[in-house]
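Engineer:
Numbering (the working numbering), first residue to last: 1 to 162.
1) So if DSSP puts residue 41 in a beta bridge, which residue, or which two residues, is it bridged to?
2) For residue 130 and residue 79, what's the separation of their Cα atoms in angstroms?
3) Give every residue of the same chain whose Cβ lies closer than 8 Å to the Cβ of residue 116, excluding the five residues on either side of it in the sequence, and list them in chain order.
4) Kindly indicate the opening and closing residues of the alpha helix (DSSP H) around residue 136.
5) Under 8 Å by Cβ, that's how I've got residue 152 and residue 118 pegged, so tell me the actual separation to the nearest angstrom.
6) Check this for me: beta carbons of residue 97 and residue 53, under 9 Å apart or not?
7) Can you tell me whether residue 1 is buried or exposed, with buried defined as 16 or more other CB within 10 angstroms of its CB?
8) Between the stretch 103-110 and the stretch 53-65, are three or more C-beta pairs nearer than 8 Å?
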């Protein structure tokens with residue numbers, strides 16, 4: 001492959017990731033129908049699912065999951081789509097990921113689960129949804145903190161900042 005062809009391919013792949021980031025479910029479905037792998041990753045290890053989830057695009061996320069994309073592939077930093085959605089407070093996205101079998105206990109390299117992330121940022125609807133799907137409120141991260149500890153820690157940080 002020539003350097004020019006490689007540059008064109010890299011640019012085209014960047015556009016594919018932009019489709020997920022921007023929630024273009026129709027274009028993603030068309031590309032997958034033509035043979036694009038649904039678990040394609042970018043240079044940061046983000047999958048199309050990760051980008052659609054993190055940017056709150058429910059239709060694009062559903063499209064990807066319905067054609068067999070994994071809800072659990074971690075990016076290069078070890079983050080999961082469900083933890084990203086919990087962080088952002090996207091209740092519908094978390095629900096879609098759970099409906100498609102996302103691992104509710106999948107922890108990042110620091111041991112933090114989606115439940116801990118949701119609790120930390122006071123995403124109470126997501127906390128309850130994750131617990132209803134089996135998330136363990138007593139699980140501890142690498143520092144020994146539970147979801148309740150993380151919530152209290154963040155509340156204390158924000159309370160002392162005022």
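The beta carbon of each residue, even a glycine, is placed where N, CA and C say it ideally should be.
Structural biologist: Straight from the coordinates:
1) 47
2) 17 Å
3) 139, 141, 145, 146, 147 and 150
4) No alpha helix (DSSP H) holds residue 136; DSSP gives it neither H nor E.
5) Between residue 118 and residue 152 the Cβ distance is about 14 Å, and since that is not below 8 Å, they are no contact.
6) yes
7) exposed
8) no
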